[in-house]
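Student: Following the numbering used here, the numbering of the sequence shown begins with 5 at its first residue and continues without gaps.
Every residue, glycine too, gets a C-beta built ideally from N, C-alpha and C.
Let me begin by handing over the structure; questions about it come next.
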Amino acid sequence: MPDLHYTCDTWMPKTSLSDLPSSYLWSGLLASAVTLHDLSLQSKFYSKNIPADPVLGAILSGPVGNGRHTTAEALAGTLGRGLLHVRIHGADLDFESPDTALAALNSLKAAFRNYAGVCLLLDEIQECRHSRMIQSHLLRLLGRLQTDQPGKNFRLIIVTDSPDSILSGLRRFLMLCHCSAPNEDERRDWLSSQLRIGPRLIPKSVSAKDLAAKTEGFSWHQLQLLHRYLRQQLFWNVKLHSEQDASHETMQAGQITPEEADEIRKRYKDQNYRKKLIKSGCGMPTE
Numbered sequence: 005m006p007d008l009h010y011t012c013d014t015w016m017p018k019t020s021l022s023d024l025p026s027s028y029l030w031s032g033l034l035a036s037a038v039t040l041h042d043l044s045l046q047s048k049f050y051s052k053n054i055p056a057d058p059v060l061g062a063i064l065s066g067p068v069g070n071g072r073h074t075t076a077e078a079l080a081g082t083l084g085r086g087l088l089h090v091r092i093h094g095a096d097l098d099f100e101s102p103d104t105a106l107a108a109l110n111s112l113k114a115a116f117r118n119y120a121g122v123c124l125l126l127d128e129i130q131e132c133r134h135s136r137m138i139q140s141h142l143l144r145l146l147g148r149l150q151t152d153q154p155g156k157n158f159r160l161i162i163v164t165d166s167p168d169s170i171l172s173g174l175r176r177f178l179m180l181c182h183c184s185a186p187n188e189d190e191r192r193d194w195l196s197s198q199l200r201i202g203p204r205l206i207p208k209s210v211s212a213k214d215l216a217a218k219t220e221g222f223s224w225h226q227l228q229l230l231h232r233y234l235r236q237q238l239f240w241n242v243k244l245h246s247e248q249d250a251s252h253e254t255m256q257a258g259q260i261t262p263e264e265a266d267e268i269r270k271r272y273k274d275q276n277y278r279k280k281l282i283k284s285g286c287g288m289p290t291e
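Quick look at the structure:
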C-alpha cells in the first residue's frame with residue numbers, strides 16, 4: 005500500500021464478541037446477527053425460514069470512551085477466520101490528491117489472492133478531506149469484489165463520531181450501533197458495585213447515588229478513571245503519611261477499624277496487589 009501518514013496496519017483480533025461483558029449493549033445483537041447469517045449459508049432450513057441479510061459489518065458511533073473500538077475489534081474477531089484484517093484511520097487517507105487515497109484502497113484487491121477475504125476497519129473516515137469520494141469508491145469496489153471474487157468475504161467495520169457522514173449506500177449494508185454514555189441509573193449501579201470492592205473509597209456521607217448525579221455526562225471510560233483515581237489516592241495516602249496520619253486518612257476514607265488499616269498497609273507493600281487494586285474495575289467500555 006502507499007506510504008500513509010499515520011498508522012495503517014494489518015493485525016489479528018485477539019477477542020471476540022463472546023468475550024465482552026453484558027455492559028456492551030451491542031455485543032449480543034451483533035453476535036446473533038453473525039450467527040444467523042452463518043446458519044443461513046450452511047442450512048437450507050435457516051435460509052428458508054430465517055432469511056438473514058448478509059452481515060457485511062457495522063457502524064459504531066457515539067461519544068468517545070463508550071466502547072466503540074473495543075466492540076469493533078471484537079466484531080472483527082467474530083466475523084470469520086482466515087481473513088486479512090486491515091485497520092486504516094481517516095487521517096491515513098488524507099492526501100492532497102484523491103488518486104493517491106484511492107490507490108491505497110485499490111491495493112486491497114491484491115489481498116484477496118492469498119486470503120479468504122478482507123476485514124477492513126475504517127476509523128473516523130470523515131477526517132479525510134476526500135471522505136465522500138473514498139466512500140463512494142469503496143462502495144463500487146465492494147460490488148466488483150463480490151462479482152469478481154466469488155466465495156471471498158469482504159467485511160467492513162466503521163468507527164465514527166459522525167454517522168451522518170457515512171454514505172447511505174454503505175449504511176444500508178451495515179448495522180448501525182450507537183455506543184452511548186451511561187445514564188444515571190447505570191452510573192449508580194456500576195459505581196455502587198465498584199465501591200464495594202476492597203476498602204471504601206469515599207466517606208460514608210457520600211453515596212453512590214450522589215456520585216452518579218455528579219458524574220452527569222461521564223463516559224464509561226471516565227467513570228473508570230474516576231474509580232482508579234479514588235483508589236489510587238487512598239493508597240498514596242497510606243504510603244506517604246506518617247503512621248498516625250495514614251490511620252486517620254484511611255479511617256476517614258472508609259470508617260474502618262485500625263486492624264483493617266494495618267491490613268491495607270501490609271497489602272500495599274505488595275506491589276502486585278497494589279497494581280491489581282488500581283486496575284480493578286476493568287471490563288467496561290473504554291474507547
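Taking its Cβ as the centre, do 16 or more other Cβ atoms sit within 10 Å of residue 186, making it buried, or is it exposed?
Tutor: As a first step, residue 186 must be located in the sequence shown, where it is residue number 182. The residue in question, residue 186, is buried, as its Cβ has 16 or more Cβ neighbours within 10 Å.
Student: Taking its Cβ as the centre, do 16 or more other Cβ atoms sit within 10 Å of residue 85, making it buried, or is it exposed?
Tutor: Indexing the sequence shown from 1 puts residue 85 at position 81. Burial call: exposed.
Student: Return helix, strand or coil for residue 137, following the three-state DSSP convention.
Tutor: Stepping through the sequence shown from its first residue, residue 137 is reached at position 133. Helix.
Student: Are the beta-carbon atoms belonging to residue 127 and residue 94 less than 8 Å from one another?
Tutor: Against the sequence shown, residue 127 aligns to sequence position 123. Against the sequence shown, residue 94 aligns to sequence position 90. Yes, these two residues count as a Cβ contact at 8 Å.
Student: Whose CA, out of 263, 96, 119 and 103, lies closest to the CA of residue 125?
Tutor: Translated into positions along the sequence shown, residue 125 becomes position 121. The shortest Cα separation from residue 125 among 263, 96, 119 and 103 belongs to 96.
Student: Are there 16 or more other CB atoms within 10 angstroms of the CB of residue 28, so buried, or fewer, so exposed?
Tutor: Walking along the sequence shown from the start, residue 28 turns up at place 24. The residue is buried, with at least 16 neighbouring Cβ atoms inside 10 Å.
Student: At which residue ranges does the segment 177 to 217 contain complete beta strand (DSSP E) runs of 3 or more residues, listed in the order of the chain?
Tutor: 178 to 182
Student: By Cβ distance below 7 Å, which residues in the same chain neighbour residue 77 in space, the five residues on each side in sequence not counted?
Tutor: The count along the sequence shown starts at 1 and reaches residue 77 at position 73. Within the same chain, residue 77 has close Cβ partners 17 and 19.
Student: Given a cut-off of 8 Å, decide if residue 69 and residue 226 are closer than it, judged by their beta-carbon atoms.
Tutor: Translated into positions along the sequence shown, residue 226 becomes position 222. Translated into positions along the sequence shown, residue 69 becomes position 65. Yes.
Student: Pull up the distance between the alpha-carbon of residue 197 and that of residue 34, whole angstroms please.
Tutor: Looking up residue 197 in the sequence shown gives position 193. Looking up residue 34 in the sequence shown gives position 30. The alpha-carbon atoms of residue 197 and residue 34 are separated by roughly 27 Å.
Student: If you count every other CB in all the chains shown that lies within 10 Å of the CB of residue 286, and 16 or more means buried, which is it?
Tutor: Counted from its first residue, the sequence shown places residue 286 at position 282. The pLDDT assigned to residue 286 is 43, lower than 50, so where the model puts this residue is not dependable, and the model offers no usable value.
Student: How far does the beta strand (DSSP E) with residue 157 in it reach, from first residue to last?
Tutor: For this step, residue 157 is matched to residue 153 along the sequence shown. Segment 157 to 164, the beta strand (DSSP E) holding residue 157.
Student: Rounded to the nearest angstrom, what separates residue 169 and residue 136 at their Cα positions?
Tutor: Within the sequence shown, numbered from 1, the residue matching residue 169 stands at position 165. Within the sequence shown, numbered from 1, the residue matching residue 136 stands at position 132. So the alpha carbons of these two residues sit roughly 8 Å apart.
Student: If you follow the alpha helix (DSSP H) that residue 122 is in, where does it begin and where does it stop?
Tutor: Taking the first residue of the sequence shown as 1, we reach residue 122 at position 118. Taken as a continuous stretch (DSSP letters only), residue 122 belongs to no alpha helix (DSSP H), being part of the beta strand (DSSP E) at 121 to 127.
Student: Can you list, in chain order, the residues of its chain with a C-beta nearer than 7 Å to that of residue 216? Leave out the 5 residues immediately preceding and following it.
Tutor: Against the sequence shown, residue 216 aligns to sequence position 212. 188, 191, 192 and 195, listed in sequence order.
Student: Check the C-beta distance from residue 75 over to residue 183 and give it rounded, since I have them as a contact under 8 Å.
Tutor: Here residue 75 refers to the residue found at position 71 when the sequence shown is read from its first residue. Here residue 183 refers to the residue found at position 179 when the sequence shown is read from its first residue. Indeed, because the Cβ distance is near 7 Å, the residues count as touching under 8 Å.
Student: Where residue 133 and residue 101 are concerned, what is the direct C-alpha to C-alpha distance, given to the nearest angstrom?
Tutor: The residue given as residue 133 occupies position 129 in the sequence shown. The residue given as residue 101 occupies position 97 in the sequence shown. Straight-line Cα distance between these residues: approximately 10 Å.
Student: In whole angstroms, what is the alpha-carbon distance linking residue 14 and residue 64?
Tutor: For this step, residue 14 is matched to residue 10 along the sequence shown. For this step, residue 64 is matched to residue 60 along the sequence shown. Each residue's Cα considered, the two are about 20 Å apart.
Student: Would you kindly report the start and end of the unbroken alpha helix (DSSP H) that includes residue 64?
Tutor: As a first step, residue 64 must be located in the sequence shown, where it is residue number 60. Counting along the chain, residue 64 falls outside any alpha helix (DSSP H), though it belongs to the beta strand (DSSP E) covering 61 to 65.
Student: Assign residue 14 to one of three DSSP states: helix, strand, or coil.
Tutor: Here residue 14 refers to the residue found at position 10 when the sequence shown is read from its first residue. In the three-state scheme derived from DSSP, where H, G and I count as helix and E and B as strand, residue 14 is classed as strand.
Student: What are the start and end residues of the alpha helix (DSSP H) that includes residue 38?
Tutor: By one-based count along the sequence shown, residue 38 stands at place 34. Residues 29 to 46.
Student: Got a sec: is the Cβ-Cβ distance from residue 170 to anything in chain D below 8 Å?
Tutor: In summary, chain D is missing from the structure at hand, where a single protein chain is found.
Student: Less than 8 Å separating the beta-carbons of residue 122 and residue 163?
Tutor: Counting from one through the sequence shown, the residue named residue 122 turns up at place 118. Counting from one through the sequence shown, the residue named residue 163 turns up at place 159. Contact: no.
Student: Taking 6 Å as the limit between beta carbons, can you name the residues of its chain near residue 99, skipping five residues before and five after?
Tutor: Numbered from 1 along the sequence shown, position 95 holds the residue referred to as residue 99. Here residue 99 has 105 as same chain residues with Cβ atoms under 6 Å from its own Cβ, once five neighbours each way along the sequence are excluded.
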